Amino acid sequence: MVYKTLLILFPWVITCFSISAQQVQTVVQTGHYSAVTAVCYSPDGSLIATGSSDKTVKLWRRSDGREIRSYTGNTSEIETISINSSITDLLAVDSKGTLTVWNLNTGEVKRQIRPESDRFTCAAFNPDGTKIITVAVNHLFQFGTCRQVTESGR
58 MVYKTLLILF PWVITCFSIS AQQVQTVVQT GHYSAVTAVC YSPDGSLIAT
108 GSSDKTVKLW RRSDGREIRS YTGNTSEIET ISINSSITDL LAVDSKGTLT
158 VWNLNTGEVK RQIRPESDRF TCAAFNPDGT KIITVAVNHL FQFGTCRQVT
208 ESGR
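In this note's numbering, the protein residues as written are 58 to 211.
See below:
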(Lines of atoms letter the chains of each structure in order from A; the text may use other names.)
(Lines give C-alpha, C1' and ligand atoms only; values in the text may rest on other atoms or scores of the structure.)
Protein backbone atom coordinates (compact mmCIF):
# COMPACT_ATOMS: atom_id res chain seq x y z
CA MET A 58 0.00 0.00 0.00
CA VAL A 59 2.78 2.45 0.87
CA TYR A 60 4.56 1.63 -2.39
CA LYS A 61 1.49 2.65 -4.46
CA THR A 62 1.11 5.89 -2.52
CA LEU A 63 4.73 6.80 -3.17
CA LEU A 64 4.29 6.14 -6.87
CA ILE A 65 1.29 8.46 -6.98
CA LEU A 66 2.89 11.22 -4.89
CA PHE A 67 6.32 11.08 -6.50
CA PRO A 68 5.25 12.40 -9.96
CA TRP A 69 3.17 15.09 -8.23
CA VAL A 70 6.17 16.32 -6.23
CA ILE A 71 8.34 16.47 -9.36
CA THR A 72 5.63 18.29 -11.32
CA CYS A 73 5.15 20.89 -8.59
CA PHE A 74 8.89 21.41 -8.29
CA SER A 75 9.32 21.84 -12.05
CA ILE A 76 6.47 24.31 -12.35
CA SER A 77 7.61 26.51 -9.47
CA ALA A 78 11.29 26.42 -10.44
CA GLN A 79 11.04 26.90 -14.21
CA GLN A 80 7.47 28.00 -15.03
CA VAL A 81 7.06 24.96 -17.28
CA GLN A 82 3.68 24.17 -18.80
CA THR A 83 2.84 20.53 -18.20
CA VAL A 84 1.08 19.06 -21.23
CA VAL A 85 -0.75 15.78 -21.23
CA GLN A 86 -0.51 14.69 -24.83
CA THR A 87 -4.10 13.95 -25.75
CA GLY A 88 -4.39 15.15 -29.32
CA HIS A 89 -7.67 16.49 -30.62
CA TYR A 90 -11.01 15.11 -29.43
CA SER A 91 -12.57 15.58 -32.86
CA ALA A 92 -11.64 15.75 -36.55
CA VAL A 93 -8.61 17.81 -37.63
CA THR A 94 -9.87 20.52 -39.99
CA ALA A 95 -6.74 22.66 -40.59
CA VAL A 96 -2.98 22.17 -40.60
CA CYS A 97 0.16 24.24 -41.27
CA TYR A 98 3.93 24.09 -40.87
CA SER A 99 5.98 26.77 -39.16
CA PRO A 100 8.15 28.63 -41.70
CA ASP A 101 11.29 26.77 -40.56
CA GLY A 102 9.51 23.40 -40.67
CA SER A 103 10.22 22.54 -37.03
CA LEU A 104 6.61 22.86 -35.82
CA ILE A 105 3.20 21.77 -37.05
CA ALA A 106 -0.05 23.40 -35.95
CA THR A 107 -3.39 21.61 -36.24
CA GLY A 108 -6.89 23.00 -35.83
CA SER A 109 -9.94 20.90 -35.06
CA SER A 110 -13.69 20.81 -34.84
CA ASP A 111 -13.09 20.50 -31.07
CA LYS A 112 -12.42 24.32 -31.16
CA THR A 113 -8.72 23.99 -30.29
CA VAL A 114 -5.42 24.55 -32.04
CA LYS A 115 -2.49 22.36 -31.04
CA LEU A 116 1.21 22.85 -31.66
CA TRP A 117 3.41 19.82 -32.31
CA ARG A 118 7.18 19.34 -32.58
CA ARG A 119 7.77 17.80 -36.02
CA SER A 120 10.96 15.94 -35.06
CA ASP A 121 9.26 13.61 -32.56
CA GLY A 122 5.52 14.31 -32.85
CA ARG A 123 5.21 15.62 -29.30
CA GLU A 124 2.40 18.02 -28.42
CA ILE A 125 3.90 21.29 -27.18
CA ARG A 126 0.88 23.45 -26.40
CA SER A 127 -2.88 23.69 -26.81
CA TYR A 128 -4.58 26.99 -27.72
CA THR A 129 -8.17 27.59 -26.67
CA GLY A 130 -10.69 30.39 -26.90
CA ASN A 131 -12.33 29.74 -30.24
CA THR A 132 -16.11 29.61 -30.45
CA SER A 133 -16.43 26.93 -33.14
CA GLU A 134 -14.59 24.58 -35.52
CA ILE A 135 -11.20 25.83 -36.75
CA GLU A 136 -11.15 26.48 -40.51
CA THR A 137 -7.70 27.97 -41.13
CA ILE A 138 -4.45 28.49 -39.19
CA SER A 139 -1.14 30.25 -39.85
CA ILE A 140 2.18 30.81 -38.06
CA ASN A 141 4.16 33.99 -38.75
CA SER A 142 7.72 33.94 -40.12
CA SER A 143 9.36 34.89 -36.82
CA ILE A 144 7.50 31.98 -35.17
CA THR A 145 6.08 34.22 -32.44
CA ASP A 146 2.39 34.44 -33.41
CA LEU A 147 -0.28 31.96 -34.41
CA LEU A 148 -3.67 32.81 -35.89
CA ALA A 149 -6.84 30.86 -36.50
CA VAL A 150 -10.21 31.56 -38.06
CA ASP A 151 -13.15 29.53 -36.83
CA SER A 152 -16.37 28.61 -38.65
CA LYS A 153 -18.30 31.46 -37.00
CA GLY A 154 -15.85 33.91 -38.60
CA THR A 155 -13.81 34.85 -35.54
CA LEU A 156 -10.08 35.57 -35.97
CA THR A 157 -7.92 34.74 -32.94
CA VAL A 158 -4.24 35.68 -32.65
CA TRP A 159 -2.12 34.02 -29.93
CA ASN A 160 1.41 34.44 -28.67
CA LEU A 161 2.86 31.16 -29.94
CA ASN A 162 5.23 30.73 -26.99
CA THR A 163 2.91 31.56 -24.08
CA GLY A 164 -0.52 30.66 -25.48
CA GLU A 165 -1.85 34.08 -24.47
CA VAL A 166 -4.65 35.43 -26.67
CA LYS A 167 -3.38 38.69 -28.15
CA ARG A 168 -6.62 39.58 -29.89
CA GLN A 169 -9.91 38.04 -30.90
CA ILE A 170 -11.90 39.78 -33.63
CA ARG A 171 -15.26 39.15 -35.24
CA PRO A 172 -16.58 41.79 -37.65
CA GLU A 173 -20.01 43.09 -36.60
CA SER A 174 -21.74 42.72 -39.96
CA ASP A 175 -19.48 40.15 -41.61
CA ARG A 176 -17.39 37.09 -40.85
CA PHE A 177 -13.84 36.15 -41.71
CA THR A 178 -13.49 33.04 -43.85
CA CYS A 179 -9.69 32.75 -43.78
CA ALA A 180 -6.53 34.66 -42.87
CA ALA A 181 -2.76 34.35 -43.18
CA PHE A 182 0.44 36.17 -42.30
CA ASN A 183 2.40 37.82 -45.11
CA PRO A 184 5.89 36.38 -45.88
CA ASP A 185 7.76 38.65 -43.45
CA GLY A 186 5.17 38.11 -40.69
CA THR A 187 4.35 41.79 -40.16
CA LYS A 188 0.89 41.84 -41.74
CA ILE A 189 -2.23 39.72 -41.70
CA ILE A 190 -4.43 39.36 -44.74
CA THR A 191 -8.04 38.41 -44.12
CA VAL A 192 -10.85 37.38 -46.42
CA ALA A 193 -14.43 37.96 -45.32
CA VAL A 194 -17.79 37.12 -46.82
CA ASN A 195 -18.60 40.73 -47.81
CA HIS A 196 -15.03 42.03 -48.31
CA LEU A 197 -12.69 40.27 -50.67
CA PHE A 198 -9.39 41.24 -49.01
CA GLN A 199 -8.28 43.35 -46.07
CA PHE A 200 -4.63 43.90 -45.30
CA GLY A 201 -3.56 45.18 -41.91
CA THR A 202 -0.34 45.26 -40.00
CA CYS A 203 -0.17 42.82 -37.12
CA ARG A 204 -0.22 45.81 -34.80
CA GLN A 205 -3.46 47.13 -36.36
CA VAL A 206 -5.10 43.74 -36.17
CA THR A 207 -4.00 43.01 -32.62
CA GLU A 208 -4.57 46.53 -31.23
CA SER A 209 -7.42 48.16 -33.12
CA GLY A 210 -9.44 45.15 -34.17
CA ARG A 211 -9.14 45.87 -37.89
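Beta carbons are placed, not taken as given, at the ideal position from N, Cα and C, and that holds for glycine.
Since we're looking at a predicted model, the values are computed, not measured.
| Asked | Found |
| --- | --- |
| Nearest residue (CA-CA) to LEU161, options ARG118, PRO184, VAL93 and SER110 | ARG118 |
| The region 124-131 touching the region 170-186, judged by at least three CB pairs closer than 8 Å | no |
| Three-state class that DSSP yields for ASP185 in the structure shown | coil |
| CA nearest to the CA of HIS89, picked from TYR98, LEU104, LYS112 and GLU165 | LYS112 |
| Per-residue DSSP class, three states only, for ALA193 | strand |
| As assigned by DSSP and simplified to three states, the class of GLY154 | coil |
| Pair within 8 Å by beta-carbon distance, VAL114 and ILE144 | no |
| Extent of the continuous beta strand (DSSP E) to which ALA95 belongs | 93-98 |
| Alpha carbon of TYR98 to alpha carbon of ASN183, nearest angstrom | 14 Å |
| For ASP146, the residue or residues it bridges with in DSSP | ASN160 |
| Extent of the continuous beta strand (DSSP E) to which GLU124 belongs | 124-128 |
| Per-residue DSSP class, three states only, for SER109 | strand |
| For ASN141, the nearest candidate out of ILE125, GLY102, SER120 and HIS196 (CA to CA) | GLY102 |
| Integer Cβ distance of ASN139 from SER110, believed to fall under 8 Å | Going by the sequence as given, residue 139 is Ser instead of Asn. Between SER110 and SER139 the Cβ distance is about 18 Å, and since that is not below 8 Å, they are no contact. |
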